[in-house]
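To start, the structure itself, in structure tokens.
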Ligand SMILES: Cc1cc2nc3c(=O)[nH]c(=O)nc-3n(C[C@H](O)[C@H](O)[C@H](O)COP(=O)(O)OP(=O)(O)OC[C@H]3O[C@@H](n4cnc5c(N)ncnc54)[C@H](O)[C@@H]3O)c2cc1C
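Numbering (the numbering used here), first residue to last: 28 to 226.
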């Protein structure tokens, strides 16, 4: 599937094609050791090209696994999976996740931005359906943020619904898994999300 061809933003010095969480941890360490900016590319569909930076880009397109638990109406979606990857697994099980209208959009980037689509009238935004997020932190630790664990981090992912008067833009940028130039708190995310039944 071709990515958006429009040239946006800076040219990266290097693109690291990660296959595992350990690859992501290594890329983060490399960026920190070299003192260069770091960004994460999921589906590559952000209008403004926020997935790119002038330093190291972590490309998650090789991490596109999806598993669906139809009995418990939940799905675990890897950080580089697209809406099409989710549909390919969910459709045969007669369930669906809240996705947008474009199958090539990345699920993590879509969810972090709120995520509107044809199902929102009944089931809300994609972010409303986020159950948990596995996140790689700037120090290399992998944590799972959920309602029972690391709630502040899950709240940090939830920047669409946040009270912005309490969370200024700088803090928001550094906690919503989009690294900025000042300090990287959280870098890469995989979603554990609710799905709905079509049975
Ligand atoms: C053709 C088109 C159709 C669209 N349709 C819809 C729609 O129907 N509904 C809707 O809500 N939006 C829609 N969008 C907007 C889209 O949801 C956002 O642009 C979204 O940010 C794209 O996510 P991505 O992963 O594909 O993009 P990317 O450019 O890869 O990432 C977008 C942002 O999310 C971050 N990010 C992505 N994946 C991860 C990850 N695993 N961990 C940490 N950070 C990550 C990136 O660093 C970047 O800041 C559409 C966009 C396009 C171009």
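Glycine included, every Cβ here is placed at the ideal spot set by N, Cα and C. These numbers were taken from a predicted model, which means no experiment stands behind them.
Annotation: residue 114 to residue 87 spans about 19 Å, alpha carbon to alpha carbon.
Residue environment: residue 121 is assigned as exposed (fewer than 16 neighbouring CB atoms within 10 Å of its CB, all protein chains considered). In the same chain as residue 70, and ignoring 5 residues on each side of it, the C-beta atoms closer than 6 Å to its own belong to 109, 132, 133, 136, in chain order. Assigned with DSSP and collapsed to three states, residue 133 falls in strand. Counting the other Cβ atoms within 10 Å of the Cβ of residue 106 gives 16 or more, which makes it buried. The beta carbons of residue 183 and residue 52 sit no closer together than 7 Å.
Counted as a single uninterrupted DSSP element, the stretch harbouring residue 154 is not any beta strand (DSSP E), since DSSP gives it neither H nor E.
Distance from the CA atom of residue 40 to the CA atom of residue 83, rounded to whole angstroms, is 6 Å. Of the other Cβ atoms in all chains shown, 16 or more fall within 10 Å of the Cβ of residue 72; this residue is therefore buried.
Only residues of its own chain outside the window of five on either side were considered, and among them 48, 52, 161, 162, 163 have a CB closer than 8 Å to the CB of residue 169, listed in chain order.
Beyond the five residues adjoining it in sequence on each side, residue 101 comes within less than 8 Å, by CB distance, of 95, 158, 219, 220, 221, 222 in the same chain, given in chain order.
In the displayed model, residue 63 falls within coil according to three-state DSSP, outside both helix and strand. Within the model, the alpha-carbon separation for residue 174 versus residue 181 is close to 7 Å. For the 7 Å CB-CB criterion, residue 89 and residue 44 form a contact. With contacts defined by Cβ atoms closer than 7 Å, residue 165 and residue 125 do not form a contacting pair.
For the set 93, 141, 138, the Cα lying nearest the Cα of residue 118 is the one of 93. The beta carbon of residue 156 sits closer than 6 Å to the beta carbons of 125, 220, 221 from its chain, once the five residues preceding and following it are set aside; these are given in chain order.
Boundaries of the beta strand (DSSP E) harbouring residue 96: 93–96, taken from the DSSP string. Residue state for residue 179 is assigned as helix, using DSSP reduced to three classes.
By the criterion of a C-beta distance shorter than 7 Å, residue 55 is surrounded in its chain by 65, 163, 165, 167, 214, once the five residues flanking it on both sides are discounted. The closest CA to that of residue 61, considering only 74, 68, 81, is found on 81.
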